[in-house]
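First residue of the sequence shown? That's 572 in my numbering, and the numbers climb one at a time after it. Input: a single structure, listed below in structure tokens.
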Amino acid sequence: MQVTVVGTGYVGLVAGACFADTGNDVVCLDTDASKVERLKRSEIPIYEPGLSDLVSRGQREGRLKFTTSYAEALDRAEIIFLAVGTPGLPSGEPNLEYLKAASESIGTHLKRSVIVVNKSTVPIGSYQVVKEWIESKSKYSVEVVSNPEFLKEGSAIDDFLRPDRVVIGTDKVEAFEKMAELYAPFVRQGNPILHMDVVSAEMTKYACNAFLATRISFMNELARLCESVGGDIESIRRGMATDQRIGKHFLYAGLGYGGSCFPKDVRALADSAKKRGLALEIVEATDRANQEQARFFFKKISRHFKDELKGKKIGVLGLAFKPNTDDMREAPALVLIESLLEAGAQVIAFDPVSMNEAKKTLGDRITYGKNAYDVSAGVDAVALCTEWNEFRQLDWPRFKQAMKSPAFFDGRNQYDPLKMKSHGFEYFAIGRSV
Ligand SMILES: NC(=O)c1ccc[n+]([C@@H]2O[C@H](COP(=O)([O-])OP(=O)(O)OC[C@H]3O[C@@H](n4cnc5c(N)ncnc54)[C@H](O)[C@@H]3O)[C@@H](O)[C@H]2O)c1
């Protein structure tokens, strides 16, 4: 099939590379000319395991092309995917300016009636708006299908090639059949392609993210209670996770969720309801609890220093919003670091892949280590913000020896409290009795 992907970020690039890998002719379009230039040279602008090989292979075999030209990208397109960003506005509403610009450009350059697939996460009912935007610039009609993306950064390729399910929202049987054909190679082990109406498909994406975020916020609230009553959230998590009705995923207490999806999607779902005169109380509470969790972690550190952080030096291990990505969007580490700086502390941080991204926000307001041990040198405390594999078994005697005072704040509950204590740390986790 002739596939065009508009927007070559985390989602668009992965989707384009995977569709090319199953034999389709794919053109990926982005308005960011420097990104496209790098991609033409097979340089991957993001950190995503396995992506580089897939992109190079697609290019080498002539099935994957990159361009900034809508005319070129739409020349032979049968299916056009929209994968531009939909970041949250301060009101919680998603910013649709990129989606509008992309839709209008598609309309302007359209050469035939096509299927346009919304892969961006969009407010409920957007398919209608996208159709209007495109058709306002074109004499051709389009069928707008919703096909939300569920990949996780860090395991995006695997998630895309072997999805739990594919959701396709359309009222048109022919559009569904074409989409099902495109996705057939990814569901050969029997995982379902779910056909539903467009509104339900759009809402399924928000429902999944809000539900997973709710599980995290629920555990974070219980963790705070644990600290008052003396319970251990890790024991409670295990007690819950072994209950088959509950399952084991997304039950980890920590310093709060972040990333480009959960925070904005939770707020967007609440905003969709608000606009229709409804309140999604649980969803709104999930967001509030998450914001409180980041403050809670900072207050824990501040309290340790009797709220006198001025002049203290704090080491931060991990910056990305989660391991195996360089994505810093709404990373909890940023919230912590901003609070520390505001309180007058100095910060030294290290992350294996996201320091260049972090510098775009933090610049030279903090210093950056070359490895994990650098963040321990002469510091008053260390805070773990991202649980990278390489931090799991550090040389603790060496690490502790370099610190000025051995306070360790584990924002991800990664370490055994007793072991950390036996190494001589004053160890603080989230909702854990030490
Ligand atoms: N990142 C994820 O893990 C993830 C997972 C599932 C769904 N989503 C959703 O997918 C969408 C894309 O997310 P992302 O993380 O890939 O975003 P991103 O910011 O990484 O990429 C978006 C790309 O779109 C390009 N762009 C902007 N305006 C354009 C235009 N008019 N024409 C062509 N290109 C344009 C940008 O230059 C950028 O490269 C969002 O709606 C997001 O919520 C993201």
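Cβ atoms here follow ideal geometry from the backbone N, Cα and C, with glycine treated the same way. Just so we're clear, the structure is a prediction, and the values are computed from it rather than from any experiment.
Pairwise C-alpha distance: residue j and residue i
i      : j      : result
Val769 : Asp742 : 7 Å
Gly580 : Gly587 : 10 Å
Val744 : Asp966 : 59 Å
Gln815 : Glu997 : 36 Å
Pro719 : Ala772 : 7 Å
Pro894 : Phe821 : 15 Å
Glu752 : Val854 : 35 Å
Phe721 : Pro734 : 8 Å
Pro834 : Glu901 : 8 Å
Ala916 : Leu880 : 5 Å
Met774 : Ala844 : 11 Å
Val924 : Met790 : 28 Å
Phe757 : Glu632 : 20 Å
Val906 : Ser712 : 46 Å
Gly829 : Glu614 : 27 Å
Val607 : Leu989 : 50 Å
Val693 : Lys883 : 43 Å
Glu664 : Asp842 : 6 Å
Glu703 : Val598 : 24 Å
Inter-residue CB distance, residue i and residue j (contact presumed, cutoff 8 Å)
i      : j      : result
Asp836 : Ala781 : 7 Å
Asp592 : Gly629 : 6 Å
Ile804 : Val585 : Not really, about 33 Å apart at Cβ, beyond 8 Å.
Tyr669 : Gly656 : 5 Å
Proximity winner among the options, relative to residue i (alpha-carbon distances)
i      : options                        : result
Ile739 : Gly882, Asp729, Arg866, Ser717 : Ser717
Ala794 : Ala860, Leu722, Val655         : Ala860
Ser806 : Ile1001, Val577, Met991        : Ile1001
Asp994 : Leu610, Phe731, Ser676, Lys971 : Residue identity differs from the one stated: residue 994 is His in this sequence, not Asp. Nearest C-alpha to His994: Lys971.
Arg634 : Ser676, Glu649, Ala642, Gly594 : Gly594
Asn666 : Ala839, Asn762, Glu879         : Ala839
Glu649 : Ala673, Thr692, Gly621, Leu681 : Leu681
Glu958 : Ser662, Thr896, Lys671         : Thr896
Gly889 : Val715, Phe731, Asn960, Arg609 : Asn960
Lys636 : Lys611, Ile617, Ala642, Gly818 : Lys611
Ala642 : Arg683, Glu619, Leu625         : Arg683
Ser726 : Gln862, Glu675, Leu622         : Leu622
Pro968 : Lys883, Ala948, Ile937         : Ala948
Pro903 : Ala914, Val887, Cys779         : Val887
Lys671 : Leu783, Ala654, Asp596         : Ala654
Ala856 : Ser788, Asn942, Ile908         : Ser788
Ser976 : Asn984, Ala954, Phe867, Gly982 : Ala954
Contact test: residue i Cβ vs ligand 1 heavy atom, cutoff 7 Å
i      : result
Lys931 : no
Ser640 : no
Ala603 : Contrary to the premise, residue 603 reads as Asp rather than Ala in this sequence. Yes.
Ala673 : yes
Leu600 : yes
Cys832 : yes
Tyr581 : yes
Tyr618 : no
Glu773 : no
Asn726 : At residue 726 the sequence reads Ser, which differs from the Asn that was named. False, no ligand heavy atom lies under 7 Å from that Cβ.
Val597 : no
Lys708 : no
Gly663 : no
Lys636 : no
Leu732 : no
Leu722 : yes
Gly578 : yes
Lys606 : yes
Tyr711 : no
Val655 : yes
Thr692 : yes
Ser717 : no
Ser976 : no
Beta carbon proximity, residue i to chain B, threshold 8 Å
i      : result
Val744 : No chain B is present in this structure, which holds just one protein chain.
Where residue i falls: helix, strand or coil (DSSP)
i      : result
Leu765 : strand
Gln630 : helix
Leu822 : coil
Ile885 : strand
Glu714 : strand
Leu653 : strand
Gln573 : strand
Thr638 : strand
Val950 : coil
Gln964 : coil
Thr938 : strand
Ser832 : In the sequence under discussion, the amino acid at residue 832 is Cys, which differs from the Ser named in the question. Reduced to three states, the DSSP call for Cys832 is coil.
Pro665 : strand
Asn984 : coil
Phe876 : coil
Residue i CB to nearest heavy atom of ligand 2 below 7 Å
i      : result
Asn960 : With respect to ligand 2, the structure shown offers nothing to examine, as its ligands consist of ligand 1.
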